[in-house]
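Structure, as structure tokens:
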Amino acid sequence: MRCLSDIGGCAGVWHEPLYYQLQDGDCAVLDTVVREAETCGADTVLLSYEGLSVLGGEQIRWFTDVFDDVTAVVFLRRQDQLVNSFHNHLHKVHRAGLAEIEAYERSMLDYDTECDYRRVLERWAGALGHERLRPVVHDRSRSSVREFFGRAAMSVDYAGYVDECCNTAVDAFGLSVMRRVNGMAAGEQELRAIMNEAHRALSAHFVDPAWVETRYTLILAMRRKIMDHYRRSNEWTRKHFFPERPTLFPELEPGASGPSTTRLALS
Numbered sequence: 099m100r101c102l103s104d105i106g107g108c109a110g111v112w113h114e115p116l117y118y119q120l121q122d123g124d125c126a127v128l129d130t131v132v133r134e135a136e137t138c139g140a141d142t143v144l145l146s147y148e149g150l151s152v153l154g155g156e157q158i159r160w161f162t163d164v165f166d167d168v169t170a171v172v173f174l175r176r177q178d179q180l181v182n183s184f185h186n187h188l189h190k191v192h193r194a195g196l197a198e199i200e201a202y203e204r205s206m207l208d209y210d211t212e213c214d215y216r217r218v219l220e221r222w223a224g225a226l227g228h229e230r231l232r233p234v235v236h237d238r239s240r241s242s243v244r245e246f247f248g249r250a251a252m253s254v255d256y257a258g259y260v261d262e263c264c265n266t267a268v269d270a271f272g273l274s275v276m277r278r279v280n281g282m283a284a285g286e287q288e289l290r291a292i293m294n295e296a297h298r299a300l301s302a303h304f305v306d307p308a309w310v311e312t313r314y315t316l317i318l319a320m321r322r323k324i325m326d327h328y329r330r331s332n333e334w335t336r337k338h339f340f341p342e343r344p345t346l347f348p349e350l351e352p353g354a355s356g357p358s359t360t361r362l363a364l365s
């Protein structure tokens, strides 16, 4: 099997530019992908970007217009973990200012259609067919790489491969400091310089997200409020795709005790 992943619309190891082109209505970009695959002699094309899950039904059907066989592997992450992780991410990146962080905080406890996995999966199944849709329940204790290729039914040689934590989280102390220094930046260039220095100074506070004691910077009550939005959707997803599981996701872990690192109040 020859596999092609470094294709048009690729930035580094993912396909964010291709996603934005599709969102803008440019389906011709997929013709470019097909031509590149034919030129390289590849019989399998991998397109990977987390935003692809939000594509509409018409956009999803563009894939079936140009490819003979399409399989969609969709990772489902427990919604409170997803929100907590993105909140953490905004604090540590070099391009999100304090105003953007605060804007996200004002809405992150609200219902989000793209965290409603029933809606996401029904949209993809409606475009591709149920048999071509292969959801995976995200589990930090399992290799996402191996899970992906396993669900995609692709044979991969893992000789010498070692799973590593490539996206460490910031613990509560580090996050609070980054929040303060973030607010000091007067512009994008200054923000980048400040955050570079903060990353060096706070390196000891970047932790493996698998450690429950340091993973959650949102308090348990906030995470429960998030999960309340999706209970019916998660049960539908479990029933239709994971009937062998007693619940779609495990129960919420308490995480660290003490006040949230955000200024949010539950209403």
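Read left to right, the sequence shown gives residues 99 to 365 (this note's numbering). Built from N, CA and C at the ideal position, the CB exists for glycine as well. Please read these numbers as outputs of a predicted model, since none were measured by experiment.
Within the same chain, show all residues whose beta-carbon is closer than 7 Å to that of residue i, passing over the 5 residues directly before and after it, in chain order.
| i | result |
| --- | --- |
| H303 | V268, D269, F271, G272 |
| C213 | Q177, L180, Y328 |
| H113 | G107, L145, S146, Y147 |
| N186 | A267, V268, L273, T315 |
Nearest to residue i by CA position, among the options, is which residue?
| i | options | result |
| --- | --- | --- |
| N265 | F165, D122, K190, G353 | K190 |
| E349 | F339, D326, E342 | D326 |
| V171 | D163, F246, L153 | F246 |
| R230 | E156, T162, Y209, R133 | T162 |
| G155 | D167, Q121, D166, V305 | Q121 |
| D167 | V275, G227, D124 | G227 |
Please report whether the beta-carbon of residue i lies at a distance below 8 Å from any beta-carbon of chain B.
| i | result |
| --- | --- |
| D163 | The chain inventory of the structure shown lacks chain B, comprising one protein chain alone. |
Excluding the 5 residues preceding and the 5 following residue i in the sequence, name in chain order all residues of the same chain whose CB lies nearer than 6 Å to its CB.
| i | result |
| --- | --- |
| S241 | D261 |
| F347 | R176 |
| R361 | Low confidence applies to R361: its pLDDT is 47, below 50, so where it sits in the model is not reliable enough to give any reading. |
For residue i versus residue j, is the C-beta spacing smaller than 8 Å?
| i | j | result |
| --- | --- | --- |
| T57 | A223 | The question about residue 57 has no answer here: the residues shown for the chain are numbered 99 through 365. |
| N182 | T345 | no |
| D195 | A291 | Reading the sequence as shown, one finds Gly at residue 195 and not Asp. The answer is no: Cβ separation not under 8 Å. |
| L188 | M320 | no |
| L150 | Y215 | no |
| V235 | F340 | yes |
| R193 | E288 | no |
| I158 | A225 | yes |
Am I right that residue i and residue j are in contact with their C-beta atoms under 8 Å? What's the rounded C-beta distance?
| i | j | result |
| --- | --- | --- |
| W160 | L128 | 6 Å |
| R336 | R343 | 6 Å |
| G353 | R313 | 6 Å |
Just checking residue i against the ligand COA - is the residue's beta carbon closer than 7 Å to any of the ligand's heavy atoms?
| i | result |
| --- | --- |
| F347 | This structure simply doesn't include the ligand COA, nor any ligand for that matter. |
Note down, in chain order, each residue of its chain lying with its Cβ closer than 8 Å to the Cβ of residue i, except the 5 sequence neighbours on either side.
| i | result |
| --- | --- |
| Y256 | R244 |
| L102 | The pLDDT assigned to L102 is 49, lower than 50, so where the model puts this residue is not dependable, and the model offers no usable value. |
| L219 | V172, L231, P233, T335, H338, F339 |
| R369 | No statement about residue 369 is possible, as the shown extent of the chain runs from 99 to 365 and does not include it. |
| G248 | none |
Any contact of the segment 200-218 with the segment 287-301, i.e. 3+ C-beta pairs under 8 Å? Contact fails between the segment 200-218 and the segment 287-301, because fewer than three Cβ pairs, one in each stretch, are under 8 Å apart.
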